[in-house]
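So the sequences go chain by chain: Y and L. Note that the first sequence covers residues 3 to 121 in my numbering. Note that the second sequence covers residues 3 to 121 in my numbering. This report refers to the structure that appears directly beneath it.
There are 2 protein chains.
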Amino acid sequence: MFAEVLRSLVEQTSGGVGAVVMGYDGIAVDQYLRPIDDIDLGLVAVEYANILKEIKNAAEILQTGELEEVSILSGGYQVLIRILSDEYFVGLMLRREGNAGKGRFLLMREAPGLRAQLV
Amino acid sequence: MFAEVLRSLVEQTSGGVGAVVMGYDGIAVDQYLRPIDDIDLGLVAVEYANILKEIKNAAEILQTGELEEVSILSGGYQVLIRILSDEYFVGLMLRREGNAGKGRFLLMREAPGLRAQLV
Chain Y
3 MFAEVLRSLV EQTSGGVGAV VMGYDGIAVD QYLRPIDDID LGLVAVEYAN ILKEIKNAAE
63 ILQTGELEEV SILSGGYQVL IRILSDEYFV GLMLRREGNA GKGRFLLMRE APGLRAQLV
Chain L
3 MFAEVLRSLV EQTSGGVGAV VMGYDGIAVD QYLRPIDDID LGLVAVEYAN ILKEIKNAAE
63 ILQTGELEEV SILSGGYQVL IRILSDEYFV GLMLRREGNA GKGRFLLMRE APGLRAQLV
C-alpha cells in the first residue's frame with residue numbers, strides 16, 4: 003500500500019537510498035530500501051523517530067507553529083523528513099551528493115496521498 | 003567579535019529574525035536578534051541545542067558521517083543550523099517565507115571564519 007510510493011520516492015530522487023513511513027514510536031509502517039545499499043535504514047529511522055519527537059515537542063513549547071519538515075546533512079548522507087500526522091512521518095535518505103531539492107519536492111507532493119492512507 | 007557576522011547573517015537573509023553562536027550546553031556565545039521580533043531566540047536556541055546533541059549522537063551511532071547541517075521548517079519559522087565544532091554551532095532563524103537557500107549559503111560561507119574565532 004505504501005510500498006509503491008516509497009519505491010518511487012527513492013527511485014525518482016537521484017542518490018536515493020531508502021524511504022520509510024514510520025510512527026514516532028519507532029515502528030515502521032512500511033519501507034523501501036535499494037537493494038544495493040548496506041545501510042540499516044530501520045536503525046536510522048528508529049534513531050530519528052526519537053529525535054523527531056523531541057523536535058516536535060520543542061516546536062510546541064516554543065509556539066513556532068506545527069513541525070512540517072526536517073533535513074539533516076551528515077558526512078555521507080542526507081535525511082529528509084516530512085511530518086504526516088501527530089503519529090506518523092515519512093523519511094527519505096539520500097547519498098550526500100543526491101538531489102535533496104527533488105527529494106523535498108516529491109515528499110511534499112506525496113504527503114497528502116500517504117496521509118490519506120493512514121487514517 | 004561574533005556580533006557583526008551574526009548581524010550580517012540576519013540582515014542579508016530575507017526574512018531573517020535572529021542568529022546565535024551557541025554551545026551544545028545551551029549557553030550562547032553571542033547572538034543577534036532583530037529588534038522588531040518578539041521571539042525568545044534564547045529559548046529557541048536552548049531547546050535546539052539539546053536536540054542537536056542527540057542528532058549528533060545518532061549520526062555517530064549510525065556511522066553516517068559527521069553531522070554538518072540541520073534545517074527545520076515549522077508553521078511560522080525556519081531554523082537553519084550549521085555545526086562549527088564538537089562544542090559549538092551557529093543557528094539562523096527565518097520567517098517561514100524567508101530565503102532559506104540564501105541563509106544556508108551564508109552559513110556555509112561564514113562558518114570557517116566563526117570556527118577560527120572559537121579556537
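By construction, the Cβ of each residue, glycine as well, lies at the ideal position given by its N, Cα and C atoms. All of these numbers come straight from a predicted model, not from anything done at the bench.
By the criterion of Cβ-Cβ separation under 7 Å, what are the contact partners of residue i in chain L?
i: Y:A61; result: S76
i: Y:L45; result: L64
i: Y:E49; result: A60, I63, L64
For the beta strand (DSSP E) containing residue i, name the first residue and the last one.
i: L:Y34; result: 30 to 35
i: L:S76; result: 69 to 76
i: Y:L94; result: 90 to 97
i: Y:M24; result: 18 to 25
i: L:Q80; result: 79 to 85
Looking at the C-beta of residue i, does it have a partner C-beta in chain L at a distance below 7 Å?
i: Y:E68; result: yes
i: Y:Y26; result: no
Between the alpha carbons of residue i and residue j, how many angstroms are there, rounded?
i: Y:L94; j: Y:V12; result: 7 Å
i: Y:L126; j: L:A5; result: In this structure chain Y extends from 3 to 121, so residue 126 of chain Y is not present and cannot be described.
i: Y:V7; j: Y:M24; result: 14 Å
i: Y:D42; j: Y:G78; result: 14 Å
i: Y:E112; j: L:Q119; result: 44 Å
i: L:Y50; j: L:A21; result: 13 Å
Could one say the Cβ of residue i lies closer than 7 Å to chain Y's Cβ atoms, at least one of them?
i: L:V72; result: yes
i: L:L64; result: yes
Going along chain L in order, which residues have a C-beta closer than 8 Å to the C-beta of residue i?
i: Y:E89; result: By Cβ distance, chain L contributes nothing, its closest Cβ being about 18 Å from Y:E89, past 8 Å.
For a contact defined as C-beta to C-beta under 8 Å, what are the partners of residue i on chain Y?
i: L:I53; result: I53, E56, I57, A60
Give the range of the alpha helix (DSSP H) segment to which residue i is assigned.
i: Y:F107; result: 102 to 120
i: L:Q14; result: 5 to 14
So residue i contacts chain Y; which residues on that side make the cut at Cβ distance below 7 Å?
i: L:Y79; result: T66, G67
*asked:* With three or more C-beta pairs closer than 8 Å as the rule, is the segment 72 to 91 of chain L touching the segment 90 to 104 of chain Y?
replied: Verdict: no, contact absent.
*asked:* Three or more C-beta pairs under 8 Å: does that hold for the segment 30 to 38 of chain L against the segment 52 to 68 of chain L?
replied: No, they do not touch.
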